[in-house]
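First residue of the sequence shown: 5, per our numbering; consecutive thereafter. Quick reminder that beta carbons are idealized off the backbone N, C-alpha and C, glycines included. Just so it is clear, the structure is predicted and the values come from calculations on it, not from any experiment. Only one structure is covered here, and it is reproduced in the block below.
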Amino acid sequence: TGGPSNGSTRHTVRLEHLQPGSEYSVKVIPVSQTLRGTPAQVKFATTGGGGGGGGGGSMTIVVAVAVSVLVAMAIAAGLLGLYSLMKQAAIEQTKSFSTEDGLASGNREKNRYINILPFDNNRVKLSGDNDYINASYVSEDATASSAPFIACQGPKPATVSDHWRMIWEQMVPVTVMLTTCVEKGRTKCEQYWPDSEGESLELDCGLTVTLLSAENCGSYIVRKLRLMPNTDNKTTDGRASGMDTELLQYMEWEDHAVPNLDNLAEFLGRVHRSQRNGGGGRIVLHCSAGVGRTGTFIALDLLARRLQDCQERQEVSVYETVLQLRRCRVDMVQTKHQYAFIYKFLLNFVQKKQRISAFNDSLTDESSNDPVYVRATSATTAAGRDNEAFDATNEA
Numbered sequence: 005t006g007g008p009s010n011g012s013t014r015h016t017v018r019l020e021h022l023q024p025g026s027e028y029s030v031k032v033i034p035v036s037q038t039l040r041g042t043p044a045q046v047k048f049a050t051t052g053g054g055g056g057g058g059g060g061g062s063m064t065i066v067v068a069v070a071v072s073v074l075v076a077m078a079i080a081a082g083l084l085g086l087y088s089l090m091k092q093a094a095i096e097q098t099k100s101f102s103t104e105d106g107l108a109s110g111n112r113e114k115n116r117y118i119n120i121l122p123f124d125n126n127r128v129k130l131s132g133d134n135d136y137i138n139a140s141y142v143s144e145d146a147t148a149s150s151a152p153f154i155a156c157q158g159p160k161p162a163t164v165s166d167h168w169r170m171i172w173e174q175m176v177p178v179t180v181m182l183t184t185c186v187e188k189g190r191t192k193c194e195q196y197w198p199d200s201e202g203e204s205l206e207l208d209c210g211l212t213v214t215l216l217s218a219e220n221c222g223s224y225i226v227r228k229l230r231l232m233p234n235t236d237n238k239t240t241d242g243r244a245s246g247m248d249t250e251l252l253q254y255m256e257w258e259d260h261a262v263p264n265l266d267n268l269a270e271f272l273g274r275v276h277r278s279q280r281n282g283g284g285g286r287i288v289l290h291c292s293a294g295v296g297r298t299g300t301f302i303a304l305d306l307l308a309r310r311l312q313d314c315q316e317r318q319e320v321s322v323y324e325t326v327l328q329l330r331r332c333r334v335d336m337v338q339t340k341h342q343y344a345f346i347y348k349f350l351l352n353f354v355q356k357k358q359r360i361s362a363f364n365d366s367l368t369d370e371s372s373n374d375p376v377y378v379r380a381t382s383a384t385t386a387a388g389r390d391n392e393a394f395d396a397t398n399e400a
């Protein structure tokens, strides 16, 4: 679950007779030649029964075991080693993917970063002849038609109209913005919405966007907007009726860094709620380049949903999930500390959302700089702070 499935040996261990309200230890000894490392031990505690037989209590235990093994394997193998393996695998698997459309005449200047281009095979195409936008369909099976996400760059001044065209044509209920417009004096994204409630912005694509409301929720802002065809009805698809959409902007995640766990979890929940209220549909996500923070957020969303579903025998693999994201768009989850943060978020998710008690003596949520909540006790010293993985979140 923590590492690659191809080219390595997989072992299935069946854990039986686990009891509610008990403590257990999981020890993982890597045997794969590509994942050799120091054995790791993680302790966990199961909560109370939760009612009769194989109900919610037993499934909670399964989740506790699954996440504990996931983290133990990650520690034993070395998070940085796993990240390097994933990067190399992604390069090999996408080396034949072309990005020629993004480099074509007339399209090059639409890219915010010349090294971050969508793959031609799954790029989002706008209607009409001028169809290029730096945006990619993102799915778990590389099928664009069923992709639940669109990852894109933050709009530039010349691409604001294209960005709104994409939202209109894809009928997007929610856009997730994971950057501020300016960070440390550098422009990361053009402001593409009106400043004040009731104010409108007329676009050259035949649309007008109006800010209906803006709600400051602390770590994020919720903007409700309405898209309407201009009076001369020159929209690209001829639709006459308008649509409402939401822009959820997270304010506390600097480029190449990692955010506060609880605030991001709250934000993720708000995104899900807005998507449901909007009738479902694809979510558009962007930061500046649309790969680092955007890829990390999509990975967290996918993995948290799997843990929430808690299906028996369902695999939860950070490695495979991020690798699949990189098959959809280059450099998704851009840094090793973002990769390590995914493990940390999953532990926090299980503890808080699945009501698993703290992983006693091995795991703590007091160490905010650790990629996984592991305290260097006598049981975990071999896989504790001497492991290079613990330095990951302190870099950049």
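Contacting residues, own chain, Cβ-Cβ under 7 Å from residue i (five flanking each side not counted)
i	result
E256	S223, P263, N264, N267
D305	L272
Supposed close pair residue i, residue j - CB separation, criterion 8 Å
i	j	result
T103	D124	6 Å
D199	K228	Not confirmed; about 15 Å, so no contact.
Q157	S292	7 Å
Q253	G296	At roughly 16 Å, the Cβ-Cβ gap does not stay under 8 Å, so Q253 and G296 are not in contact.
A344	L89	Not a contact, Cβ separation roughly 14 Å.
E258	E201	Not quite, the Cβ-Cβ distance comes to about 28 Å (not below 8 Å), so this is no contact.
Bounding residues of the beta strand (DSSP E) (the contiguous stretch that carries residue i)
i	result
Y87	Not the beta strand (DSSP E): Y87 falls in the alpha helix (DSSP H), residues 83–98.
R230	224–233
T214	211–220
T300	Segment 296–313 is the alpha helix (DSSP H) holding T300; no beta strand (DSSP E) there.
S204	204–206
F153	153–156
V288	287–290
Where residue i sits in the DSSP three-state scheme
i	result
E256	coil
A139	strand
K129	strand
D248	strand
F345	helix
L351	helix
I360	Because I360 sits at a pLDDT of 39, beneath the cut-off of 50, its placement in the model cannot be relied upon, and the point is left open.
V2	An answer regarding residue 2 cannot be provided, because it is not within the stretch 5 to 400 covered by the chain.
V186	strand
H276	helix
G56	Low confidence applies here, because G56 scores a pLDDT of 43, under 50, leaving its location unreliable; read the following figure in that light. DSSP places G56 in coil when its eight states are reduced to three.
T191	strand
A393	Note on A393: pLDDT 32, under 50, position unreliable in the model; the coordinate value appears next. Helix.
E4	The displayed coordinates of the chain run from 5 to 400. Any statement about residue 4 would go beyond what the structure contains.
First and last residue of the uninterrupted alpha helix (DSSP H) at residue i
i	result
I120	Run containing I120: none; DSSP gives neither H nor E here.
E324	322–332
E113	That residue, E113, is in no alpha helix (DSSP H); it is neither H nor E in DSSP.
A148	No alpha helix (DSSP H) contains A148, which DSSP labels as neither H nor E.
M336	Looking at the DSSP string, M336 is not in any alpha helix (DSSP H), and its letter there is neither H nor E.
V164	164–174
E104	104–107
Own chain residues within Cβ distance below 8 Å of residue i, not counting five before or after
i	result
A303	V322, T325, V326, L329, M336, V337, I346
N111	D105, Y136
W197	L205, V213, L215, R227, L229, L251
Q279	P177, V178, G285, I287
V128	P122, I137, A139, S140, Y141, I154, C156, M170, Q174
K160	K114, R116, E194
Contacting residues, own chain, Cβ-Cβ under 6 Å from residue i (five flanking each side not counted)
i	result
N234	G210, T212
A308	F353
A155	S140, V142, L289, G294, T298, R333
Cutoff 8 Å: residue i Cβ touching any chain B Cβ
i	result
T147	Although the question refers to chain B, the structure presented lacks it and comprises just one protein chain.
Residue i CB to nearest heavy atom of the ligand PLP below 7 Å
i	result
S321	In the structure on display, the ligand PLP does not appear, and there are no ligands present to speak of.
The region 90–101 touching the region 349–358, judged by at least three CB pairs closer than 8 Å: no
Do the region 332–350 and the region 123–140 make contact, defined as three or more Cβ pairs closer than 8 Å? yes
For the pair the region 128–143 and the region 176–194, tell me if three or more CB-CB distances fall below 8 Å. no
Cβ pair count under 8 Å reaching 3, the region 208–227 against the region 186–195: no
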